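Student: Numbering (our numbering), first residue to last: 17 to 462. For each residue, glycine too, the CB sits at the ideal point set by N, CA and C. It should be emphasised that the depicted structure is a prediction, and the values quoted were computed from it without experimental measurement.
1. Is there a Cβ of chain C sitting closer than 7 Å to that of residue 266, yes or no?
2. Identify every run of the alpha helix (DSSP H) within the segment 329 to 373, keeping only runs that are complete inside it and at least 4 residues long; order them along the chain.
3. Among the residues of its own chain, which have a CB less than 8 Å from the CB of residue 20, if the five just before and after it don't count?
4. Following the continuous beta strand (DSSP E) through residue 317, name the residue where it begins and the one where it ends.
5. What are the partner residues of residue 439, as DSSP defines its beta bridges?
6. Does DSSP classify residue 306 as helix, strand or coil?
7. Tell me the rounded alpha-carbon separation between residue 420 and residue 426.
8. Report the partner residues of residue 422 according to the DSSP bridge assignment.
9. Report yes or no: do the segment 441 to 458 and the segment 408 to 420 share at least 3 C-beta pairs separated by less than 8 Å?
10. With a floor of 4 residues, list each alpha helix (DSSP H) that falls wholly inside the segment 219 to 295, ordered by position along the chain.
11. Below 7 Å between beta carbons: does that hold for residue 96 and residue 193?
12. Comparing alpha-carbon positions, which option in 325, 259, 143, 212 lies nearest residue 279?
13. Is the beta carbon of residue 39 sitting closer than 7 Å to the one on residue 79?
14. Taking contact to mean 3 or more Cβ pairs, one atom from each stretch, closer than 8 Å, check whether the segment 390 to 399 and the segment 428 to 444 are in contact.
15. Terminal residues of the continuous beta strand (DSSP E) containing residue 384?
16. The alpha helix (DSSP H) spanning residue 392 covers which residue range?
17. With DSSP as the reference, label residue 167 as helix, strand or coil.
18. So what's residue 453 in DSSP terms, helix, strand or just coil?
19. Using the Cβ count rule (16 or more neighbours within 10 Å means buried), how would you classify residue 294?
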């Protein structure tokens, strides 16, 4: 999960030497615990270590190389800015600048000592002015910044800050490992890195070409997206960023490149004609199909090998009709507090059909497909929030096809729960779509 030794870079001017010693002491104490439980240690890195063997002009270059290898940057500021170099900045400022440029790769913790001393000396006044400028730059960034007055307070803050950061890194590393086992992507010979396109239908596509609305496209950037699809896209983007897939983008089904071979994530299958065409490539490997032409009649047919076909209808319309007026009205905030439920498919197929001649590895196609939009949102939420469950999926299916059914429950503007119901029978879905069950469910959550 982690390398045996995790570098922690410490940056500070010379007036906070005691704080630097305290940080090293904290790292040493924590390392004894972390090594025993997780098998790794935290080792301090700072500019003093390079001073004896690096030429003056090469010191900052050497420092930057080591900072780039670090998992954590701890910056400590007192009342001094530091010696100014030819570029108009101190070494500490240069280190902060470089760390901030890496803020998406390393964690940054900054601590500032509050002092009540008066400064009359011109040099001190200049130091304070430059230091305040640096602090303004730091506060613009989304990084932890805390102040302290006493050394004991500093030691406690650093201990808690490092411990919290390391635990978050451990959790994130576990999340990344599990997601990497589920999300498999191929790469063509011409690509330097994995590329992924997410294809979703615009909100207007549900009405068909004949009824598609026209707009002045000087006033609109892209076609409107269904809210639930947007929430799913955000979750999927979070996952892709976590596993290091940086070349990804979400596009409407008007985007011609979606038709080309490559890694694809398809949303809202019932309204997504291109996704339906791509799904058809997998022929008898597919165990599901969406049927019905409108919201009320749309349903999911599930037909795994050697089993009876199960027909699954979304109970979403019933949930909303029991809680909202049937009359046309403007949106009311109270509507968002309603309880709702939907069903969705999460599927993965190795696209060895289109990959031939294009990729060194097979491309993969993923389908996030609710009967209604809520289901699509729920599956996106599931892979981001319930990644622990993915280990059971990857253990069972390896790198092969995955086709699962999920039950998505919404309450008070958010996803409350997503449950794997792949192995449930027809009776289960009929019960959960019955008037008696739904009304009782609403009463329980009221």
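Tutor: Answer, in terms of the structure:
1. In the displayed structure, chain C is absent; only one protein chain is listed.
2. 332 to 337
3. 55, 56, 57
4. 315 to 318
5. DSSP output for residue 439 lists no bridge partner at all.
6. strand
7. 19 Å
8. 360, 436
9. no
10. For the segment 219 to 295, whole alpha helix (DSSP H) runs of length 4 or above, ordered along the chain, are 243 to 258.
11. no
12. 212
13. no
14. yes
15. 379 to 386
16. Following the DSSP letters along the chain, one finds residue 392 inside the alpha helix (DSSP H) bounded by residues 389 to 401.
17. helix
18. Residue state, collapsed to three classes: helix.
19. The residue is buried, with at least 16 neighbouring Cβ atoms inside 10 Å.
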